[in-house]
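Written below as structure tokens is the structure these notes are about.
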Amino acid sequence: MLATSYDSFIVIVSVLVAMLASFTALDMAGRVVHSTGKVALVWLFGGGFSMGIGIWAMHFIGMLSMSMEMVMSYNAGLTAFSAAIAVCASIFALWLVCSSADLPLSRLVGGALILGSGVVAMHYTGMAALMFSPGIVWKWGWVGLSVVIALAASGAALWLAFNLREGQTSRITLLRIGASVVMGCAIAGMHYTGMMAAEFPVHSHPVGQGVNSNWLAILVTVVTISILGITLLVSMLDARMQARTSILASSLAEANRELAQLALHDNLTRLPNRILLEDRLEQAINKANREQTQFALMFMDLDRFKAVNDAFGHHIGDSLLVGVTERMSQQMNGYHTLARLGGDEFVLLVEIDDPNDAAAIADKLVKAVGRSFDISRYELVVSLSLGIAVYPGDGMDERELMFNADAAMYHTKNNGRNGYTFFQPSMNIQAQSQLQLNNDLWQALDNDELRLFYQPKYCAPCGPILGFEALLRWEHPKRGLLSPDKFLPMAEKTGMIVNIGNWVIHEACRQLRQWHLQGHPDWSVAVNLSALQFEQSNLVETVVDALEKHQIPAELLTLEVTETTAMRDPDESVRILTELTQLGVKASIDDFGTGYSSLLYLKRLPASELKIDRAFVNELQHQKEDATIVSAIVALAQSLQLKVVAEGVETAEQQAFLTRLGCNTLQGYLLGKPVPPDRVPDLANFVLAETDEALADVSLSPEVDPLLTPQVAAV
Ligand code: C2E
Ligand code: CA
Ligand code: CA
Numbered sequence: 003m004l005a006t007s008y009d010s011f012i013v014i015v016s017v018l019v020a021m022l023a024s025f026t027a028l029d030m031a032g033r034v035v036h037s038t039g040k041v042a043l044v045w046l047f048g049g050g051f052s053m054g055i056g057i058w059a060m061h062f063i064g065m066l067s068m069s070m071e072m073v074m075s076y077n078a079g080l081t082a083f084s085a086a087i088a089v090c091a092s093i094f095a096l097w098l099v100c101s102s103a104d105l106p107l108s109r110l111v112g113g114a115l116i117l118g119s120g121v122v123a124m125h126y127t128g129m130a131a132l133m134f135s136p137g138i139v140w141k142w143g144w145v146g147l148s149v150v151i152a153l154a155a156s157g158a159a160l161w162l163a164f165n166l167r168e169g170q171t172s173r174i175t176l177l178r179i180g181a182s183v184v185m186g187c188a189i190a191g192m193h194y195t196g197m198m199a200a201e202f203p204v205h206s207h208p209v210g211q212g213v214n215s216n217w218l219a220i221l222v223t224v225v226t227i228s229i230l231g232i233t234l235l236v237s238m239l240d241a242r243m244q245a246r247t248s249i250l251a252s253s254l255a256e257a258n259r260e261l262a263q264l265a266l267h268d269n270l271t272r273l274p275n276r277i278l279l280e281d282r283l284e285q286a287i288n289k290a291n292r293e294q295t296q297f298a299l300m301f302m303d304l305d306r307f308k309a310v311n312d313a314f315g316h317h318i319g320d321s322l323l324v325g326v327t328e329r330m331s332q333q334m335n336g337y338h339t340l341a342r343l344g345g346d347e348f349v350l351l352v353e354i355d356d357p358n359d360a361a362a363i364a365d366k367l368v369k370a371v372g373r374s375f376d377i378s379r380y381e382l383v384v385s386l387s388l389g390i391a392v393y394p395g396d397g398m399d400e401r402e403l404m405f406n407a408d409a410a411m412y413h414t415k416n417n418g419r420n421g422y423t424f425f426q427p428s429m430n431i432q433a434q435s436q437l438q439l440n441n442d443l444w445q446a447l448d449n450d451e452l453r454l455f456y457q458p459k460y461c462a463p464c465g466p467i468l469g470f471e472a473l474l475r476w477e478h479p480k481r482g483l484l485s486p487d488k489f490l491p492m493a494e495k496t497g498m499i500v501n502i503g504n505w506v507i508h509e510a511c512r513q514l515r516q517w518h519l520q521g522h523p524d525w526s527v528a529v530n531l532s533a534l535q536f537e538q539s540n541l542v543e544t545v546v547d548a549l550e551k552h553q554i555p556a557e558l559l560t561l562e563v564t565e566t567t568a569m570r571d572p573d574e575s576v577r578i579l580t581e582l583t584q585l586g587v588k589a590s591i592d593d594f595g596t597g598y599s600s601l602l603y604l605k606r607l608p609a610s611e612l613k614i615d616r617a618f619v620n621e622l623q624h625q626k627e628d629a630t631i632v633s634a635i636v637a638l639a640q641s642l643q644l645k646v647v648a649e650g651v652e653t654a655e656q657q658a659f660l661t662r663l664g665c666n667t668l669q670g671y672l673l674g675k676p677v678p679p680d681r682v683p684d685l686a687n688f689v690l691a692e693t694d695e696a697l698a699d700v701s702l703s704p705e706v707d708p709l710l711t712p713q714v715a716a717v
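Residues 3 to 717 (our numbering) make up the sequence shown, in order.
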């Protein structure tokens, strides 16, 4: 046999090439898995090609490392064929590793058999390309061992490639390098075992003209390393680009999520907004139809929220809304959507088994919101008015359900607020009629349908008459005489109140002038100003006009502004009222005790009287606290040098009590109801005679008296 020896440098190069090829293989597996479509195909074939060339080059360089006393030459065709086998086997291996999500044992074994056979075929085809005679003598034991190594190495390679195919972290890269070393050694092991199987007879001699090996070693090494290097470089660039793309994609997804959140949610409370609610409502209807279930739609509105907002500012108002949202959310469990439509309007959509469930939920919500809120050192109290529509039954579609729940909510508002009402068909008619009334109101001024009634204000306890409060009425052609609560809220909403209010000022002055001429020159008139009217820049002008036109001394006109309006923007109110009172006109703070006054501003407001809200007067007999409140208000007014007017005086007890507390002026049904102007002269004559008599009978009730004494002393 010919003595063969190996060039250890080339052997090392061959092992390195095997490792590099293995690393490329693992990297390619990652690439293919992370790509789709055509790109994945390019990686599969491109990667498989360079891998195959790498493995083949290892074998070829390994053969070149062998030196014998014979110059080797190779059959170019068979050599190329052996390379082709390596490439095909590699592409197959890559495909196997990347084509499915798992690698069961059967698939692994099958794959290892095919890949191992490929490697064996490549190796021995490469050996067959050696051109010499009489040919190799095989040691079959070694051949068998090389086949076993090829199969085992293939199995291991497939398993590693499969398990390291996902991920781009540096840990994975390290693992891949480790695996490449193992795989490289296995491939080299197979090759050199295969070489051990070959013996070259002593008298061997080259046959034919083949490719000479001297320069081939360098060429193959350089080309192979270049191919593998370029492949890895491209792969790295692609990985970076993919990473960047995925970062971009995820930030895009994040931005999309945020946009959706913004578009579908309310900014302040983070609750779903109207758009999202409508969507959920549609789904709820579909589900209820499909599964024959029920759901309730609840329309909710906070009572007195506007007053809080006006008095404390939007900042506190916003915090209150957030607080209310939290309270309501805490009450909810099960599938529901709580949405905010804007302002203080909320809607709850909730699945129920029975309308009683809806009542229970509504009750919980009303109670939860009714407890006071502690917001930046204020204790705020609001309540909830709620209207319920149940599907199916109270509406066919989203629009009708919303409309009906809203109508039910208004019903709650009109019935004292702070509660809930189930929708009933009659409510719809009410809503329609409200709409009609709104349309009619536009005509009312032009058609001369507005009237002023006058309610006398008496010097306590029973006269003389000091003047009158002008109270608006609407003589509706079809519905008869309407009181202001039927149409003023609407007029305030639409802004019509400004024109109406200006008319009231003029009309009251005109009427007062008549009474002056009829022999009551010291009577005054009080006119109510709405919040909107109060903020009009031409209010002063209107007042001056009216006074001049009807020749009324300014001090005989009183403008009544509610406490809530005055405290809405206190600085501005001080400015406006100062301007008005500089004309000589008087200002009165109406409905005092219902709003939130800041004492500091109250002191600065150039008002001349406080009107205690009639709710306190009304409750005087029943509730001890109200007596305390009234006496406190009187004390306050006196210390601010304001006159105190008590309105809503209905009983002689109230009359006497309020007088003793120190109220200067009384107004109420006991002394005189609001009447049309032509009845005012009768009223004036009648009351003077009556009340003297009435007062003679007045004695205070025993419950009130003991309570009263200390407070009067305090006052
Ligand atoms: P207000 O300014 O507090 O007017 C007093 C209300 O109490 C009047 O109701 C009056 O009829 C009623 N009242 C007077 N004495 C008694 C009594 O002894 N017992 C009871 N239960 N009620 C009594 P009215 O006329 O229905 O007016 C309601 C509200 O409408 C007024 O409350 C005022 O805020 C507003 N309003 C009336 N006229 C005008 C107006 O010309 N302009 C503006 N902006 N608001 C007006
Ligand atoms: Ca008033
Ligand atoms: Ca009042």
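Note that the Cβ used here is the ideal one computed from N, Cα and C, for glycine as well.
- With a 10 Å radius around the Cβ and a threshold of 16 neighbouring Cβ atoms, residue 100 comes out buried.
- Counting only heavy atoms of ligand 2, the residues whose C-beta sits closer than 6 Å to one of them are, along the chain, 471, 530, 562 and 592.
- For the 8 Å CB-CB criterion, residue 525 and residue 534 do not form a contact.
- Secondary structure note for residue 486: its alpha helix (DSSP H) is the uninterrupted segment 486 to 496.
- In the DSSP assignment, residue 613 is bridged to 647.
- Here the C-alpha atom of residue 522 lies approximately 55 Å from the C-alpha atom of residue 325.
- Straight-line spacing of the CA atoms in residue 231 and residue 183 works out to 17 Å.
- Counting C-beta pairs with one atom in each stretch, the region 451 to 461 and the region 401 to 418 have fewer than three that are closer than 8 Å, which means they do not touch.
- Contact between the region 128 to 139 and the region 79 to 90 is established, with three or more Cβ pairs separated by less than 8 Å.
- Within a 10 Å sphere around the beta-carbon of residue 126 sit 16 or more other beta-carbons, which makes this residue buried.
- The set of residues with any CB-heavy atom separation to ligand 1 below 5 Å comprises, in chain order, 473, 474, 485, 486, 506, 530, 532, 650, 652, 670, 671 and 676.
- Taking a contact to require three or more Cβ pairs closer than 8 Å, the region 312 to 319 and the region 421 to 430 do not qualify as touching.
- The beta-carbon separation of residue 562 and residue 529, rounded to 7 Å, stays under the 8 Å limit for a contact.
- C-alpha of residue 392 to C-alpha of residue 264: approximately 29 Å in a straight line.
- With a minimum length of 4 residues, the unbroken runs of alpha helix (DSSP H) contained wholly in the region 365 to 437 fall at 400 to 416.
- Three or more beta-carbon pairs separated by less than 8 Å link the region 590 to 606 to the region 635 to 652, which places the two stretches in contact.
- Linking residue 364 to residue 460 through their CA atoms gives a straight-line distance of about 46 Å.
- By the neighbour-count criterion, in which a residue is buried when 16 or more other Cβ atoms sit within 10 angstroms of its Cβ, residue 262 is exposed.
- By the C-beta criterion, the region 14 to 33 is judged to be in contact with the region 156 to 176, since at least 3 inter-stretch pairs fall below 8 Å.
- Check the Cα spacing between residue 61 and each of 189, 53, 176 and 153: the tightest is with 189.
- The shortest CA-to-CA distance from residue 548 to any of 176, 241 and 585 is the one to 585.
- Counting the other CB atoms within 10 Å of its CB gives residue 676 a total of 16 or more, which places it among the buried residues.
- Here the region 378 to 394 makes contact with the region 288 to 304; the two share three or more CB pairs at distances below 8 Å.
- DSSP assignment within the region 42 to 108 yields the following whole alpha helix (DSSP H) runs of 4 residues or more, N-terminal first: 78 to 100.
- Bounds of any beta strand (DSSP E) do not take in residue 525, whose DSSP letter is neither H nor E.
- Here residue 291 carries a helix assignment [DSSP, helix/strand/coil].
- Per DSSP, residue 459 is one residue of the beta strand (DSSP E) stretching across 452 to 461.
- In the DSSP annotation of this structure, residue 556 is not part of any alpha helix (DSSP H), being labelled neither H nor E.
- According to the DSSP secondary-structure assignment, residue 7 is paired through a beta bridge with 69.
- For residue 475, the CB contacts under 6 Å within the same chain, skipping 5 residues up- and downstream, are 453, 455 and 483 in chain order.
- For residue 84, the CB contacts under 7 Å within the same chain, skipping 5 residues up- and downstream, are 58, 124, 127, 128 and 131 in chain order.
- Residue burial is scored here from C-beta neighbours: residue 667 has at least 16 other C-beta atoms within 10 angstroms and is therefore classed as buried.
- When C-alpha distances from residue 116 are compared across 138, 154 and 552, the shortest belongs to 154.
- If you compare the alpha carbons of 378, 118 and 173 with that of residue 192, the shortest gap goes to 118.
- When Cβ pairs closer than 8 Å are counted between the two stretches, the region 13 to 21 is seen not to touch the region 36 to 52, the count staying below three.
- Within the same chain, and ignoring the five residues on either side of residue 446 in sequence, the residues whose Cβ sits closer than 7 Å to its Cβ are 452 and 476.
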